[in-house]
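Working notes, structure below.
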Amino acid sequence: MILSRRVRWALGALTVLVLAFLYLPLLVVVVNSFNANQAMTWPPSGFTLEWWERAANSEGARDAVWTSVQIALVATAIALLLGTMLSLALQRYRFFGRSTVNLLVILPIALPGIITGIALNNAFTGILDLRLTVGTVIIAHATFCIVTVFNNVQARLRRVGGSLEEASADLGAGMWTTFRLVTFPQLRSALLAGGLLAFALSFDEIIVTTFTAGAGVTTLPIWIFNNMFRPNQAPVVNVVAVVLIIVSIVPIWLAQRLSGDAEGRP
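Take 1 as the starting number for the sequence shown in UniProt numbering and just add one per residue.
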């Protein structure tokens with residue numbers, strides 16, 4: 001498609017405006033993490049590393065980070081196992097209700113977080129009569145983390161087809177041998193990309209966490225929400241928010257690179 005010079009300039013200007021709208025607020029958060037004024041006045045009157053030191057020495061922030069990391073790691077492991085099994089079953093086999101199961105697997109990430117949170121809270125506290133703990137948060141996060149792994153693995157399985165697996169079976173290899181030597185090597189980058197995305201989703205999730213975490217469970221997003229309106233904690237919250245931005249960006253960037261590298265292979 002050939003675009004006129006005027007259209008190209010208009011599209012370029014629109015792109016800049018959209019990106020500015022999305023990322024300028026994040027830039028303000030980053031700058032405020034070094035703002036010497038505790039009231040976060042703008043423009044900054046000076047810059048300091050005091051808030052970064054206070055954040056590093058904040059026991060509550062450190063505990064919240066560790067809790068979020070633990071939950072994200074376990075939820076990602078569950079998502080990798082179940083998401084891979086589901087994608088293999090739905091992509092390699094034909095059975096009654098296959099399309100319905102596919103819809104039900106994807107549905108949790110399409111539903112509003114507050115609906116998922118309320119439903120899981122009712123299930124845990126009402127139907128199952130469980131006490132809300134770190135375990136309930138992990139289960140809740142796994143419900144939507146599975147979708148990211150499932151989508152990545154299913155897309156890869158569609159792309160590579162099943163001819164190599166059939167050839168392996170024809171040569172006498174069993175199911176597990178075929179998976180270990182043929183299927184898994186083809187899925188490695190998709191699994192890693194899906195796992196990174198699942199970790200990022202779990203690490204910064206707050207809505208579902210709010211409904212499924214007990215009183216003693218404080219993840220990093222919840223800690224930020226609880227402290228952002230306290231004047232003496234606002235600068236520290238900005239620092240923690242910057243760390244959260246970095247932790248969220250890195251897995252997504254790596255996942256994108258891995259997906260791109262895999263698609264570029266012959």
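Note that CB positions come from ideal geometry on N, CA and C, so glycine has one too.
Item, Value
"Thinking C-alpha only, which one of ALA200, TRP253, ALA215, ILE252 is nearest THR76?", "ALA200"
"What's the gap between the Cα of CYS145 and the Cα of ILE115?", "16 Å"
"Could you say which of LEU254, VAL18, VAL237, ASN226 lies nearest to ASN57 if we only look at CA atoms?", "VAL237"
"Return the chain-ordered list of same chain residues with a C-beta closer than 7 Å to the C-beta of LEU26, the five sequence neighbours on each side being excluded.", "ILE245"
"For ASN35, which residues does DSSP report across the bridge?", "PHE47"
"For my contact list, ALA36 and GLY46 are in at a C-beta cut-off of 8 Å; report their separation, rounded to the angstrom.", "4 Å"
"I need the straight-line Cα distance from PRO112 to ARG230, nearest angstrom please.", "29 Å"
"Tell me which residue opens and which closes the alpha helix (DSSP H) that ARG62 is part of.", "59–92"
"Determine the DSSP secondary structure at ILE246, reduced to helix, strand or coil.", "helix"
"Among ARG94, GLU50, THR218, LEU196, which has the Cα closest to the Cα of ILE206?", "THR218"
"Out of curiosity, what's the CA-to-CA distance linking VAL160 and VAL250?", "27 Å"
"Please name the residue, chosen from ASN102, SER248, VAL240, VAL247, that lies closest to PHE34 on a Cα-to-Cα basis.", "VAL240"
"Taking the straight line between their C-alpha atoms, what separation do you get for SER189 and GLY97?", "29 Å"
"Assign ARG131 to one of two classes, buried (16 or more other C-beta atoms within 10 Å of its C-beta) or exposed (fewer than that).", "exposed"
"Tell me whether ARG180 counts as near the ligand PLP, meaning its Cβ is closer than 7 Å to at least one heavy atom of that ligand.", "Ligands in the displayed structure: none, and consequently the ligand PLP is not present."
"Write down every uninterrupted run of the beta strand (DSSP E) in the segment 93–155 whose length is 3 residues or greater and which is fully enclosed by it, in chain order.", "none"
"Can you check whether the CB of THR183 is closer than 8 Å to the CB of ALA165?", "The displayed chain sequence assigns Glu, not Ala, to residue 165. Result yes, Cβ atoms of GLU165 and THR183 sit closer than 8 Å."
"Taking the C-alpha atoms as reference points, what is the distance between LEU80 and TRP42?", "44 Å"
"Can you find the residues in the same chain that come closer than 8 Å, C-beta to C-beta, to LEU181, ignoring five residues on each side of it along the sequence?", "SER168, ALA173"
"In whole angstroms, what is the alpha-carbon distance linking SER68 and PHE179?", "32 Å"
"To the nearest angstrom, how far is it from the Cα of VAL243 to the Cα of VAL28?", "14 Å"
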